[in-house]
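Below: the structure, in structure tokens.
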Amino acid sequence: MRLGFGGTMGGLGSGEWSRYNAKTTVESSSVLAMKIFRGCIVRGYIGQITWTRGNGNKSSIGYRVNWNETGPIMTLFYRWADKEDIEIPVRLQSTPMQFTGVRWWFTCPLIVDGVPCNRRVGNLYRPGVSRYFGCRHCHRLTYQSCQQAHSVERWQDRLLSRKFAGQKNASGGDK
Ligand SMILES: [Zn+2]
């Protein structure tokens, strides 16, 4: 199995995927739910999300929204395992809502065995040992029981704060 990104991210070493081939549960993962970005899918938006993990430590990721010729891109950036700066461009998609406005979705950015996933998903996951966010399918997350699935939702509700700098990206472009 080979896991990586198109575009700017380059590929992952082939050992990376197999390292977490063992089933990973969402309890040990980071979850990004599109619903927490409501109202923030605006060109030039820069923000940060901070949450408390089960062990009491805080985690945070930064994000930036830009548009290119294919539509909006949300770039996620964070420090992985305290040693590597990660930057993931995630394409966003929208579907019309029943009455007004649109619903936003992530496009899974992972490429597995050379095949871009491109699934339209409401949540992105990052298993504890993985560098990258991707859909549940790509990360092969498994729910051990229905009850644990619900605990994931509670975990998301523990998101502590959303700090939005609301800065305009002067360049306006996608880097
Ligand atoms: Zn995927």
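The sequence shown begins at 31 in this note's numbering and counts up by one.
Where is the CB? At the ideal position from N, CA and C, for every residue including glycine.
The structure presented is a predicted model; accordingly, all values stated were derived computationally and were not measured.
Only residues of its own chain outside the window of five on either side were considered, and among them Ser124, Thr125 and Pro126 have a CB closer than 7 Å to the CB of Val132, listed in chain order. Just so you know, the alpha carbons of Ile116 and Arg109 end up roughly 6 Å apart.
A contact is defined here as three or more CB-CB pairs under 8 Å, and the region 133-145 meets this definition with respect to the region 158-166.
For Val72, the CB contacts under 7 Å within the same chain, skipping 5 residues up- and downstream, are Val95 in chain order.
Note that the C-beta distance between Gly69 and Gln78 is not below 9 Å.
In the DSSP assignment, no residue is bridged to Glu99. Taking each of Gly74, Thr82 and Glu114 in turn and checking the Cα distance to Ile103, the smallest one comes out for Gly74.
Within the same chain, Gln123, Trp135 and Thr137 come within 7 Å of Arg150 by CB-CB distance, once the 5 residues on both sides are set aside.
Relative to the Cα of Val120, the nearest Cα in the group Ile66, Lys113, Gly101 and Lys65 belongs to Gly101. With a cut-off of 8 Å, the C-beta of Cys168 is classified as near ligand 1, since at least one heavy atom of the ligand falls inside that distance. Distances from the alpha-carbon of Glu114 to those of Val142, Ser160 and Leu62 put Ser160 closest.
In this model, Cys147 and Cys168 are separated by some 8 Å (Cα to Cα).
Boundaries of the beta strand (DSSP E) around Arg133: Val132 to Thr137. Sorting Ile76, Thr82 and Arg170 by C-alpha distance to the C-alpha of Tyr155 places Arg170 at the top.
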